[in-house]
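**Student:** Numbering (mature numbering (1 follows the signal peptide of the UniProt record, and there is no 0)), first residue to last: -30 to -1, 1 to 350.
Using N, Cα and C, we set each Cβ at its ideal position, and we do this for glycine too.
Everything numeric in this text was worked out from a predicted model, so none of it was measured.
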């Protein structure tokens, strides 16, 4: 047997080289775990699907181009079926998995359910898909909003409806924290113009009585109904109103700005007014719209090559998440990401700016409306 004359110094050097190689490989494949709890099934499944599609377009792009600091971002999504109790259980499970942040929760009561865990574990929640004012004021140290508030968009929607000549406005709202919050904005918009709703209905989130809603709306005979509700209840009520012969206009908030909502409406989609909290997804003068459109076309099989408002929200939210991780530098921890977000005073998303500070976690304040056209597109 022939022995090679390796010296102890040579062996030590070789082992050191192997150690460095192994360490480098480990870093390249390390993952930054981000957790999400949302209604992948249930009342908001269609919009959640589009939110996640938009977010994953950007996250997949980042991972395919080297990740952040050589690490890939793993979005772990858990289904809460739009049940706040499951939201809290899922959040705890995601924390136990080592999530450095929570991301894109869906729904006001559901986000409220996870908030005690944010404080307990000093864990940032980035871009909750809800415009609840309680997430904005007072400033929660670990909640970083991206979208505008529901009060802001509901107030703006009512202003625009009044400007269109609609003086008889009815409000149909779900009786939960989301409904109560958004209704405040709508009522403020009416009060500013010295008017009141001709009808203001609330319904039980767990057991909506659509036939009763239809009956009362038909009796009041408003020019337009503002639905502060899930897409399922809004679409069912609108379809039932049309079946009963009502031609009253229908309006709803941005939580229903998805292709899934249009599909639920079917032939009754055209003419429905939907408020928006992000710029027009077909405005190619904006860099972020061109960016998301190119990514959607590259994944034609998943997206059909189109971008919806819900996809835009998910995409923009993912951009904020990635930028926070980048700014955290070597400290990609819960504390590091929180610190990075609080220092993100201005970030150009490619068409709108967003910024945070320790005393302001509001994010954007954009609000507009769109009308669904006969081809099933949101027109502005």
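1. Starting from residue 7 and walking both ways along the alpha helix (DSSP H), at which residues does that stretch end?
2. Find out if the Cβ-Cβ distance for the pair residue 100, residue 51 is shorter than 8 Å.
3. Where are the beta strand (DSSP E) runs, 3 residues long or more, that stay fully inside the stretch 104 to 152, in chain order?
4. Can at least three beta-carbon pairs, one atom from the stretch 258 to 267 and one from the stretch 21 to 35, be found at a separation below 8 Å?
5. What's the C-alpha gap between residue 282 and residue 176?
6. Distance check for residue 251 and residue 275, CA to CA, integer angstroms please.
7. Take the Cβ of residue 206 as the centre, count every other Cβ of all protein chains shown within 10 Å, and call the residue buried at 16 or more, exposed below.
8. Determine, using beta carbons only, whether residue 229 and residue 342 come nearer to each other than 8 Å.
9. Kindly identify the DSSP beta-bridge partner or partners of residue 172.
10. Give the straight-line distance between the Cα atoms of residue 340 and residue 220, rounded to the nearest whole angstrom.
11. To the nearest angstrom, how far is it from the Cα of residue 49 to the Cα of residue 336?
12. Is residue 252 helix, strand or coil when you go by DSSP?
13. Out of curiosity, what's the CA-to-CA distance linking residue 96 and residue 198?
14. Let me check one thing: in DSSP terms, what residues is residue 243 bridge-paired to?
15. My guess is that residue 159 and residue 193 are in contact by the Cβ rule of under 8 Å, so how many angstroms apart are they, rounded?
16. In chain order, what residues of the same chain lie with their CB nearer than 6 Å to the CB of residue 277, ignoring the 5 residues before and after it?
17. What does DSSP give as the partner residue(s) for residue 20 in the beta ladder?
18. Specify, as a first and last residue, the run of the alpha helix (DSSP H) that residue 232 falls within.
19. Straight-line CA distance for residue 255 to residue 323?
**Tutor:** Answer, in terms of the structure:
1. Not the alpha helix (DSSP H): residue 7 falls in the beta strand (DSSP E), residues 1 to 8.
2. no
3. 139 to 144
4. yes
5. 29 Å
6. 12 Å
7. buried
8. no
9. 143
10. 12 Å
11. 29 Å
12. coil
13. 24 Å
14. 221 and 341
15. Actually they do not touch by this definition, with Cβ atoms about 15 Å apart.
16. 251, 262, 263 and 266
17. Beta-bridge pairing links residue 20 to no other residue.
18. 229 to 235
19. 15 Å
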